[in-house]
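> For the protein sequence lines, the chains are A and B, in the order given. So the number in my numbering is just where the residue sits in the first sequence, counting from 1, plus 313. So the number in my numbering is just where the residue sits in the second sequence, counting from 1, plus 78. Using N, Cα and C, we set each Cβ at its ideal position, and we do this for glycine too.
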Amino acid sequence: MYTQEMLEAIKIVEQTRERRLKETFPRLKPEEKENLLRSYHPDYKPDATRLVKVGPNAGDKFTHEHADLLESRSMLDPDTFSLENIDFDVDVLVIGGGGAGTSAALLAQEAGASVLIATKLRHGDANTMMAEGGIQAADKENDSPAIHYLDVMGGGGFYNIPELVAALVKDAPLCIQWLESLGCMFSKFPDGTMHTIHGGGTSRKRMHFAHDYSGAEIMRTLRDEARNRGIPVIEFSPAVELIMDEYGQCAGAVLYNLETEQYLVVRAKTVIIATGGSGRLHIGGFPTTNHYGATADGIVMAYRAGARLIYLDATQFHPTGVAFPEQIVGQLVTEKVRGLGAQLVNVEGEQFIYPLETRDAVSSAIIRECKERQKGITTPSGMQGVWLDSPMIDIIHGKGTVERELPAMFRQYKRFNINMAEQPILVYPTLHYQNGGILINDRAETSIPNLYVAGEASGGVHGRNRLMGNSLLDIIVFGRRAGMNAAERAKSVKLGRLTLDHVKRYHEELKKEGLGQKVAPILLPDYRGKIS
Amino acid sequence: MAEEREMVNIYIMGKHYKVPYGLTIMKAMEYAGYRFIRGCGCRGGFCGACGTVYRKPGDFRLKVGLACQTVVEDGMYLTQIPFYPANKATYNLEELTPTLGTLLRYYPELTRCLGCNQCTRICPQELSVMDYMAAAQRGDIEKVAHMSFDCIMCGLCASRCPAETVQYNVAILARRLYGRHIAPRAQHLAKRVEEVKAGKFDEELDRLMKMDKEELQKLYNARDIEP
Numbered sequence: 314m315y316t317q318e319m320l321e322a323i324k325i326v327e328q329t330r331e332r333r334l335k336e337t338f339p340r341l342k343p344e345e346k347e348n349l350l351r352s353y354h355p356d357y358k359p360d361a362t363r364l365v366k367v368g369p370n371a372g373d374k375f376t377h378e379h380a381d382l383l384e385s386r387s388m389l390d391p392d393t394f395s396l397e398n399i400d401f402d403v404d405v406l407v408i409g410g411g412g413a414g415t416s417a418a419l420l421a422q423e424a425g426a427s428v429l430i431a432t433k434l435r436h437g438d439a440n441t442m443m444a445e446g447g448i449q450a451a452d453k454e455n456d457s458p459a460i461h462y463l464d465v466m467g468g469g470g471f472y473n474i475p476e477l478v479a480a481l482v483k484d485a486p487l488c489i490q491w492l493e494s495l496g497c498m499f500s501k502f503p504d505g506t507m508h509t510i511h512g513g514g515t516s517r518k519r520m521h522f523a524h525d526y527s528g529a530e531i532m533r534t535l536r537d538e539a540r541n542r543g544i545p546v547i548e549f550s551p552a553v554e555l556i557m558d559e560y561g562q563c564a565g566a567v568l569y570n571l572e573t574e575q576y577l578v579v580r581a582k583t584v585i586i587a588t589g590g591s592g593r594l595h596i597g598g599f600p601t602t603n604h605y606g607a608t609a610d611g612i613v614m615a616y617r618a619g620a621r622l623i624y625l626d627a628t629q630f631h632p633t634g635v636a637f638p639e640q641i642v643g644q645l646v647t648e649k650v651r652g653l654g655a656q657l658v659n660v661e662g663e664q665f666i667y668p669l670e671t672r673d674a675v676s677s678a679i680i681r682e683c684k685e686r687q688k689g690i691t692t693p694s695g696m697q698g699v700w701l702d703s704p705m706i707d708i709i710h711g712k713g714t715v716e717r718e719l720p721a722m723f724r725q726y727k728r729f730n731i732n733m734a735e736q737p738i739l740v741y742p743t744l745h746y747q748n749g750g751i752l753i754n755d756r757a758e759t760s761i762p763n764l765y766v767a768g769e770a771s772g773g774v775h776g777r778n779r780l781m782g783n784s785l786l787d788i789i790v791f792g793r794r795a796g797m798n799a800a801e802r803a804k805s806v807k808l809g810r811l812t813l814d815h816v817k818r819y820h821e822e823l824k825k826e827g828l829g830q831k832v833a834p835i836l837l838p839d840y841r842g843k844i845s
Numbered sequence: 079m080a081e082e083r084e085m086v087n088i089y090i091m092g093k094h095y096k097v098p099y100g101l102t103i104m105k106a107m108e109y110a111g112y113r114f115i116r117g118c119g120c121r122g123g124f125c126g127a128c129g130t131v132y133r134k135p136g137d138f139r140l141k142v143g144l145a146c147q148t149v150v151e152d153g154m155y156l157t158q159i160p161f162y163p164a165n166k167a168t169y170n171l172e173e174l175t176p177t178l179g180t181l182l183r184y185y186p187e188l189t190r191c192l193g194c195n196q197c198t199r200i201c202p203q204e205l206s207v208m209d210y211m212a213a214a215q216r217g218d219i220e221k222v223a224h225m226s227f228d229c230i231m232c233g234l235c236a237s238r239c240p241a242e243t244v245q246y247n248v249a250i251l252a253r254r255l256y257g258r259h260i261a262p263r264a265q266h267l268a269k270r271v272e273e274v275k276a277g278k279f280d281e282e283l284d285r286l287m288k289m290d291k292e293e294l295q296k297l298y299n300a301r302d303i304e305p
């Protein structure tokens, strides 16, 4: 429930609303955007990063939080850990039970492979489940994969790897059709035409959605399908190290059962890392929208095995995280709220940024409005935020739209006695997405033989800034590609003796630099005794 | 911060802790020293990992909430129900027909519903679970699909059901039947898929892929934006 002071502040927003309904804030010119990012985006803070000292990217810049993990030692002692007893022997091991991992598993099994999914929490505990806004695909008459390509490249600052972007936009319609055939309930018109809207940085309305449970709908559908097909899943058993063979091929992983605290050895002809992102590292001290297990495990394991990382220093801050109420600070307010017409407004009731600029730009503008121009609104706990004028949605589209189109958002606020259809909500940027990751090619292969990566753990497709709706797309496109290619490859793989020598070598490298005091992957954040 | 805050008493599985007022149950448990393995997933109200039941002193009623979305209150006696055994049918969606017969074939127990309404009362999403189960018994799959759409599959309904039905698994079967067999297919999508497969966009994409940053930037800045 809003405080009296906040209710007073809301009156100012209400006073300017009628005028603003007719007002379009000018879009940023390219050089304005560049300046805004350099001045206010957290990526550009000089003390946010450092050069990492070991591994394939030694000498490259990483956030301290990622560098800390890369400069940590393994949970395992490679000199004494035995790989003699193999607990599971499969064609394809999928590490991670989110959208990318489950897509990969489905496709690998279809291709005839024996598949095992190992996951840290439950099957489906992943950022996929929490994705609200939607999934992009150029499938309308006025759109094309080429236009989608241009939007993705521009959004990513033209740093994206062309072959990955081409794969993303070309597969997009196929992936939506695959999901439709699996019974995913996309929001449609009575004749079957998909509802599509804009996201930040899109030039066509190509965001498909399922109310604001888009990711949840996709995740539970894929999970149900995996269960129907009997794909085995080991829950609460994250991978903690990759296993290689004597020929330098990836050959499986060591899992750690969080409940029994026992290790399990999985031998696999091919391995797919689909471990997601790293929001729970709280990069830069930011709160996060991410699920509990987003701790960059796959990045750590692949790096030790020799895989190159790309753009991992580019962090995505979602412009609209909850700033009030305090209990849910940092949780996501979907971009769809702006897609439906809600404007961002400062303490004076004025707009300060076109609401559907790319996420990096909108986040930077909100930070500028609060920190530099002092036009934010202060909450009782001392946090700053700006208004997202959600009541505009019902005025523009008719009464009941918020409740119908944004049921999850509406419910989230109603639980704290805020009616977002009638009252604006307070937002501030929140840590949302890992733009970079393990470098892959358009077959989802890494530089390590038999090791594949799909989804948020991978890097290159989004450049330095992902557009809304391209993450759900990414996990399906590259999850499917990884699954198909890994299954195909598994048919001809001959594995040699299993080893952890790569870990031994990494430990030696750490020792030379005086590093390796900490252990990674960390698997779960630790909030004990704190107010997180 | 913590020192300034008003504290409340909660009882986690009967054990007393003092925690700051205003925290969610999840954050209060962490403040008390818990590090979750189960009972914590998305932390945002979407995954159904943290279903929690509690009572308050002097009130016989059993209350419910998601630990990540519910604020602690003084005197709360709580426990999480992170897992509840459930009957899950396996099926090949493609071969099914969206009929009452299909629902009954996989979940015959749904006719055992006593109409006690406990499922609706306990649902942390405030869905009308009993009503959608009634629709399921009539074979109104479309209605089940829409009414159950916001389900997060936390399993609390099944934990309370005297007829031993697993409402959320009936619901996902209905939703997938609806999405696959009842909702009309998107024609524009089918057409675009054919075009992609026929290679209609390959040449244009190849051209874009070969462009340097300056050329692309020029195109990007000049692109027209659908109003």
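1) Taking Cβ to Cβ, would you say A/F401 is nearer than 8 angstroms to A/L813?
2) Below 8 angstroms on the Cβ atoms is my guess for B/V149 versus B/T102; work out the distance and round it to an integer in Å.
3) Name the chain A residues whose beta carbon is nearer than 8 angstroms to that of B/G111?
4) To the nearest angstrom, how far is the alpha carbon of A/I325 from that of A/V635?
5) Could you compute how far the alpha carbon of A/S677 sits from the alpha carbon of A/D356?
6) Straight-line CA distance for A/S527 to A/P720?
7) Within 8 angstroms of any Cβ in chain B, is that where the Cβ of A/D360 sits?
8) Give the C-beta separation of B/L255 and B/L174 to the nearest angstrom, bearing in mind that I take them to be a contact with Cβ-Cβ under 8 angstroms.
9) Within this structure, are the beta carbons of A/M797 and A/R672 separated by less than 8 angstroms?
10) With C-beta atoms as the reference, is B/Y95 less than 8 angstroms away from B/Y155?
11) Checking 8 angstroms against the spacing of the C-beta atoms, do A/G270 and A/G409 come in under that value?
12) Kindly list the residues whose CB is nearer than 7 angstroms to the CB of B/A80, restricted to its own chain and excluding five residues on each side of it in sequence; keep chain order.
13) So, do the region 218 to 231 of chain B and the region 182 to 192 of chain B have three or more beta carbon pairs nearer to each other than 8 angstroms?
14) List, in order along the chain, the chain B residues whose C-beta lies closer than 7 angstroms to that of A/Q644?
15) Under 8 angstroms, do A/R779 and A/Q629 count as touching if we go by C-beta distance?
16) Please check the pair A/L653 and A/E735, which I expect to be a contact at CB under 8 angstroms, by giving their CB distance rounded to whole angstroms.
17) Shorter than 8 angstroms from the beta carbon of B/F227 to some beta carbon of chain A?
18) According to DSSP, what are the bridge partners of A/I408?
19) At a CB-CB cut-off below 9 angstroms, which residues of chain B make contact with A/T534?
20) With a threshold of 8 angstroms between beta carbons, is B/A80 in contact with chain A?
21) Please confirm whether A/V428 and A/A439 have their CB atoms less than 8 angstroms apart.
22) If we cut at 8 angstroms on Cβ distances, does B/K166 have a partner in chain A?
23) Straight-line CA distance for B/I303 to A/N659?
24) Runs of 3 residues minimum, wholly inside the region 627 to 709 of chain A: which ones carry the beta strand (DSSP E) assignment?
25) With DSSP as the reference, please indicate the residues paired to A/D558 in a beta bridge.
26) Indicate the three-state DSSP secondary structure (helix, strand or coil) for A/T441 in the structure shown.
27) What does B/R301 touch in chain A if you count any residue whose Cβ is under 9 angstroms from its own?
28) Could you confirm whether any beta carbon from chain A is found closer than 8 angstroms to the beta carbon of B/R270?
29) B/E282 CB to nearest chain A CB: under 8 angstroms?
30) Considering A/M466, what are the terminal residues of the alpha helix (DSSP H) in which it resides?
31) To the nearest angstrom, report how far apart A/A620 and A/L701 are at their CA atoms.
32) Cα separation between A/T759 and A/A770?
33) How far does the beta strand (DSSP E) with A/T308 in it reach, from first residue to last?
34) Following the continuous beta strand (DSSP E) through B/M154, name the residue where it begins and the one where it ends.
35) Would you grab the beta carbon distance between A/Y616 and A/P369 for me? Rounded to a whole angstrom, and I think it's under 8 angstroms.
36) Just checking my contact of A/G382 with A/D373 at CB under 8 angstroms: how many whole Å lie between their CB atoms?
In short:
1) Not closer than 8 angstroms, so no.
2) Going by Cβ atoms, the distance from B/V149 to B/T102 rounds to 6 angstroms, so yes, they are a contact pair.
3) Result: R841, G842.
4) Approximately 20 angstroms, taken between the alpha carbons.
5) Approximately 10 angstroms, taken between the alpha carbons.
6) One C-alpha to the other measures close to 11 angstroms.
7) Judged by the 8 angstroms Cβ criterion, A/D360 is not in contact with chain B.
8) Beta-carbon to beta-carbon, B/L255 and B/L174 are separated by about 6 angstroms, close enough to satisfy the 8 angstroms threshold.
9) Not closer than 8 angstroms, so no.
10) Contact flag unset, no.
11) An answer regarding residue 270 of chain A cannot be provided, because it is not within the stretch 314 to 845 covered by chain A.
12) Residue confidence is low: B/A80 scores 42 on pLDDT, short of 50, so the model does not pin down where it sits. Its coordinate-derived value is still stated next. The residues are P98.
13) Output reads no: the region 182 to 192 of chain B does not touch the region 218 to 231 of chain B.
14) Within 7 angstroms of the CB of A/Q644, the CB atoms of chain B belong to G122, in sequence order along the chain.
15) Taking 8 angstroms as the Cβ cut-off, A/R779 and A/Q629 qualify as a contacting pair.
16) 15 angstroms between Cβ atoms; not a contact.
17) Any Cβ of chain A closer than 8 angstroms to the Cβ of B/F227 would place that residue at the interface, and such an atom is present.
18) Under DSSP, A/I408 forms a beta bridge with A/A431, A/I586.
19) Neighbours of A/T534 in chain B, taken as residues at a C-beta separation under 9 angstroms, are given in chain order as I250, R253, R254, G257.
20) Below a pLDDT of 50, predicted positions are generally treated as unreliable, and B/A80, at 42, falls in that range; the measurement from the model is reported next regardless. True, the Cβ-Cβ gap to chain A drops below 8 angstroms.
21) Between A/V428 and A/A439, the gap from beta carbon to beta carbon reaches 8 angstroms or more.
22) Yes, B/K166 counts as interfacial toward chain A.
23) Each residue's alpha carbon lies about 26 angstroms from the other.
24) Taking only runs of at least 3 residues, the beta strand (DSSP E) segments lying wholly in the region 627 to 709 of chain A are 628 to 635, 697 to 701.
25) Its beta-bridge partners are A/L811.
26) Looking at A/T441 - three-state DSSP - the assignment turns out to be helix.
27) Within chain A, the residues near B/R301 are I460, L463, D464, G467, S516.
28) Yes, B/R270 counts as interfacial toward chain A.
29) Cβ-Cβ to chain A under 8 angstroms: yes for B/E282.
30) Taken as a continuous stretch (DSSP letters only), the alpha helix (DSSP H) holding A/M466 covers 458 to 468.
31) Just so you know, the alpha carbons of A/A620 and A/L701 end up roughly 41 angstroms apart.
32) The straight-line gap separating the alpha-carbon atoms of A/T759 and A/A770 is approximately 12 angstroms.
33) The displayed coordinates of chain A run from 314 to 845. Any statement about residue 308 of chain A would go beyond what the structure contains.
34) DSSP places B/M154 in the uninterrupted beta strand (DSSP E) bounded by 154 to 158.
35) Confirmed, Cβ separation roughly 7 angstroms.
36) Just to set this straight, residue 382 of chain A is Leu in the shown sequence, not Gly. At roughly 14 angstroms, the Cβ-Cβ gap does not stay under 8 angstroms, so A/L382 and A/D373 are not in contact.
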